[in-house]
Structures are given as C-alpha cells and as structure tokens.
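So the protein lines, in turn, are chains A and B.
Position one of the first sequence corresponds to residue 44 (my numbering), numbered consecutively onward.
Position one of the second sequence corresponds to residue 30 (my numbering), numbered consecutively onward.
Beta carbons are placed, not taken as given, at the ideal position from N, Cα and C, and that holds for glycine.
Take a look at the structure set out below.
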Amino acid sequence: MSNVPPNRTGVALNERAIESLEFIRTTMARSAPFTAVSGAGGIAMGVLALVAAAFARSSSSNEQWLTVWVACAAVAVPVGFVLMRAKARRHDLTLWSAAGRRFAQGFVPAIAAGAVLTFALVRAGAVDLVPAVWLLLYGAGVLAGSSSSVPVLAWLGALFMVLGSVSLFTPSEWRDLWLASGFGVLQIAFGAYIARNHGG
Amino acid sequence: MAAKRSAAAARVDPPEVQRTVRAPAAATATRAAGLDRLVHDRTRLAIVTALSVNASLSFTELKGITQTTDGNLSVHARKLEEAGYVLCTKGFEGRLPKTEFSLTDAGRRAFKKYLDHMEAIIQHARGKK
C-alpha cells in the first residue's frame, strides 16, 4: 500500500506530530490577545486619580501640583501592575506572553516619551502643557497596545487623545478637570466594562 | 549567461527533487495516521488555531497571523467553511466591507481531535523507545 517502510513512517509521523504541536503553540502565542489588562486595576487607578485631582486643585504652586500628580502616578502604576498580575494568575495567563510583549511594545514607548517630555516642559517652564502631553501620550500608548489586547482599549486610548487635544485650547485652571476626566472617570468607566466583560 | 542559468538551475533543483520525493511520503504518512487532512494543512491549521483562542477574527487579522496572501487565505478559509468548521460573516464597518471568521462547534471538536491525535502519536513513539 505504501512505498515508505513502516519504521520510517513511524519516525516521520512522530516528527511531524512534534512539528505540528510546536506550530500550534507558536501560532497560539502569536494570535492570542493580551487579556490580562485588569478592569479592577483601571478602577483603582481611576479612584487614585480623582483623589489626586482633589488635592492638586488646592495646590499653591506648580511644583506642588506636579508633586501631587507624580506621587499619584508612583502609587497608581504599581497598583495597576499588581492587579494585572493577579488577574493573569487567576486566569492562568503569563504577563510575558507574545501578546503581553506586543502590548508592552505599544504602550511603554509612549509612556517613556511622556516622562521625557514632562521633564523637558518643566525645565522650560511650560508646565501648562504637561496635562495635554500626559493625556495624549497615555492615550497613544493605550491605543497602540489595544491592537494586541482587549479591543475596547482602542476607544479608551482615542478618548484620552481627544481630551488631551481639547485641553490644549482651554485655560490652564481647567487642567485638573481634564486629568480627572481622563485618568479618573474614563479609567473607572472602562475598568468597570473590562471587569464585567473580560474576566475581572 | 548559459552558465549562469545552469548554475541557477543547479541551485534550484535539489529542493524540487526533495519535494517530489517527500510530498508523497508526507501524504502517505498523513493518510496512514488517519489525520483530518482539512485541519492538517499548515495554513488551515493556523486559521483553526488562531480562531480557537479568539472569539472571532477579521480577514485582515487572519492574514497577519497566517502570513499568507489574500487569495491563499480565501481558498483555505472557504474549504474550512464548506466543511462546517468555520463560520464566515460578511458585513460592513462603515462603508468598508468586513469579513469575520469564527470557529464552529464542529471546528472546535475537529481541532481538539487533531490535538489528541498528535499527542497520541508522540506518546506511542515514546512508548516504543
């Protein structure tokens, strides 16, 4: 029936089975979305941002204002990361999967650019532009990361960018309103949506 | 020029010869193992695998994952659709046509059966050693 000796067929089958499983594994890693983005993390970061906005509003100088928001970020980032890791563990996911790395590759450069620009703007005395830069670049990062994650994140990123753009044309006294709307309200709303529809 | 052509031919020939020898052997092995040939093909296996971890994927997303051409993806997706493994939904996103693919229950069962089959082959080979 076959022109292939039985033992060679066995070896070929075994090799092809191993190859196929490896192919399936790499294809899954390439196509699985990064679903460890935590809705609870978004809500927690949003609440922290609202608290920061309340404190920042009553600050007497730009330095004090900046300190409040940087302190908020210093607390919110680890909180978000810990809740993301907890979600990943709960769902037996790894944060450093191919999708996780793609998400980080989209998100991290924009955040790093935001940090550098903040430093440059503060040095140049243009603190009024800082909220727009934060909103725009955070939005750009989320939007870039969304292509390998939960699709609704694209809307979150886009809305952040709209807020950042609009904030450029409003008085600087409104800065905490814009930051509270983006980092507070938007994150809480989208966090609740993700928590309800994407497993926490 | 002629020398260049023959040199090029010499470079091309060995893989072609290899293919003609290996292809029937691979096909025979696939038949011998009783594998679902619809799923076993690499492009179709990539489609089914990608859809097994995503609720649905667009044509463009599948093209990126399978790294194949539009025509090739269409042909393979249609074969899976005809077998009832894949559901194809055509619609519009704004004014742009959008084709979405998802795995049917039959497709999910066929994929699971294929995975079990692969594992059984490996277990069997390990048992022989």
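Does chain B have any CB closer than 7 Å to the CB of residue 110/A? Indexing the first sequence from 1 puts residue 110/A at position 67. Closer than 7 Å: no.
Starting from the beta carbon of residue 82/B, find every residue of chain A whose beta carbon is closer than 7 Å, and list them in chain order. Within the second sequence, residue 82/B is the residue found at index 53, counting from 1. Chain A residues near residue 82/B: 71, 74 and 75.
In chain order, each beta strand (DSSP E) run of at least 3 residues that lies wholly inside the stretch 158 to 235 of chain A: none
Apply the 10 Å Cβ neighbour rule to residue 101/B and answer buried if 16 or more other Cβ atoms are within range, or exposed otherwise. Translated into positions along the second sequence, residue 101/B becomes position 72. Result: exposed.
Examine the Cβ distances between the stretch 227 to 235 of chain A and the stretch 78 to 97 of chain A and report whether three or more of them are shorter than 8 Å. yes
Thinking residue 174/A and residue 221/A are a contact (beta carbons under 8 Å), I'd like their distance in whole angstroms, please. Against the first sequence, residue 174/A aligns to sequence position 131. Against the first sequence, residue 221/A aligns to sequence position 178. Residue 174/A to residue 221/A, Cβ: 6 Å. Contact.
Residues of the stretch 110 to 143 of chain B whose Cβ lies closer than 7 Å to any Cβ of chain A, in chain order: Cβ contacts with chain A: none found.
Nearest-angstrom beta carbon gap, residue 242/A and residue 78/A [assumed within contact, 8 Å]: In the first sequence, counting from the first residue as 1, residue 78/A sits at position 35. In the first sequence, counting from the first residue as 1, residue 242/A sits at position 199. That belief holds up - the Cβ atoms of residue 78/A and residue 242/A are roughly 7 Å apart, short of 8 Å.
How long is the line joining the alpha carbons of residue 118/B and residue 172/A, rounded to whole angstroms? Residue numbering aside, residue 118/B sits at position 89 when the second sequence is read from its first letter. Residue numbering aside, residue 172/A sits at position 129 when the first sequence is read from its first letter. Approximately 46 Å between the Cα atoms of the pair.
Residues near residue 215/A in its chain [Cβ-Cβ closer than 7 Å; skip 5 each side]: Position 172 of the first sequence, counting from 1, holds the residue named residue 215/A. Within the same chain, residue 215/A has close Cβ partners 171.
Measure the CB-CB distance between residue 176/A and residue 160/A and report whether it falls below 7 Å. For the purposes of this step, residue 176/A is taken as residue 133 along the first sequence, with counting starting at 1. For the purposes of this step, residue 160/A is taken as residue 117 along the first sequence, with counting starting at 1. Contact flag set, yes.
Could you check whether the Cβ of residue 57/A sits closer than 7 Å to any Cβ belonging to chain B? Residue 57/A sits at position 14 when you count from the first residue of the first sequence. Residue 57/A counts as touching chain B.
Drop a sphere of 10 angstroms on the beta-carbon of residue 130/A, count the other beta-carbons inside from all chains shown, and report buried for 16 or more, exposed for fewer. What you label residue 130/A is simply residue 87 of the first sequence in a count that begins at 1. Buried, because 16 or more other Cβ atoms sit within 10 Å of the Cβ of residue 130/A.
Run through DSSP, which three-state label would residue 121/A get? Numbered from 1 along the first sequence, position 78 holds the residue referred to as residue 121/A. Correct three-state label for residue 121/A: helix.
Beta carbon of residue 65/B, beta carbon of residue 114/B: below 7 Å? By one-based count along the second sequence, residue 65/B stands at place 36. By one-based count along the second sequence, residue 114/B stands at place 85. Annotated as distal: residue 65/B and residue 114/B, with beta-carbon spacing of 7 Å or more.
Answer with buried or exposed for residue 123/B, where buried requires no fewer than 16 other C-beta atoms within 10 angstroms of its C-beta. Residue 123/B sits at position 94 when you count from the first residue of the second sequence. When all chains shown are included, residue 123/B counts as exposed.
For residue 131/B, three-class secondary structure by DSSP: Position 102 of the second sequence, counting from 1, holds the residue named residue 131/B. Reduced to three states, the DSSP call for residue 131/B is strand.
If we define contact as Cβ-Cβ less than 7 Å, is residue 78/B a contact residue for chain A? Taking the first residue of the second sequence as position 1, residue 78/B is located at position 49. Yes - at least one Cβ of chain A is within 7 Å of the one on residue 78/B.
As a quick exercise: from 103/A, 114/A, 197/A and 66/A, pick the residue whose alpha carbon is nearest that of residue 95/B. Locating residue 95/B in the second sequence gives position 66, where the first residue counts as 1. Among 103/A, 114/A, 197/A and 66/A, the Cα nearest to that of residue 95/B is on 66/A.
So residue 199/A and residue 229/A are supposed to be a Cβ contact under 8 Å. How far apart are they, rounded? What you label residue 199/A is simply residue 156 of the first sequence in a count that begins at 1. What you label residue 229/A is simply residue 186 of the first sequence in a count that begins at 1. 6 Å between Cβ atoms; contact.
Which residue wins for smallest C-alpha separation from residue 92/A, given the options 219/A, 209/A and 149/A? Mapped onto the first sequence, residue 92/A falls at position 49. Minimum Cα distance to residue 92/A is reached at 219/A.
Does residue 76/A come out as helix, strand or coil in the three-state DSSP assignment? The sequence position of residue 76/A within the first sequence is 33, counting from 1. For residue 76/A, the secondary structure class from DSSP, reduced to helix, strand or coil, is coil.
Can you name the residues of chain B whose CB is closer than 8 Å to the CB of residue 104/A? Working through the first sequence from its first residue, we reach residue 104/A at position 61. The premise fails here: residue 104/A is roughly 48 Å from chain B at the closest Cβ pair, so nothing lies under 8 Å.
To the nearest angstrom, how far is the alpha carbon of residue 68/A from that of residue 102/A? For the purposes of this step, residue 68/A is identified with residue 25 of the first sequence, where counting begins at 1. For the purposes of this step, residue 102/A is identified with residue 59 of the first sequence, where counting begins at 1. Those two C-alpha atoms are separated by around 53 Å.
With 7 Å as the C-beta to C-beta threshold (strictly closer), list the residues of the stretch 80 to 109 of chain B near chain A in chain order. 82, 83 and 94
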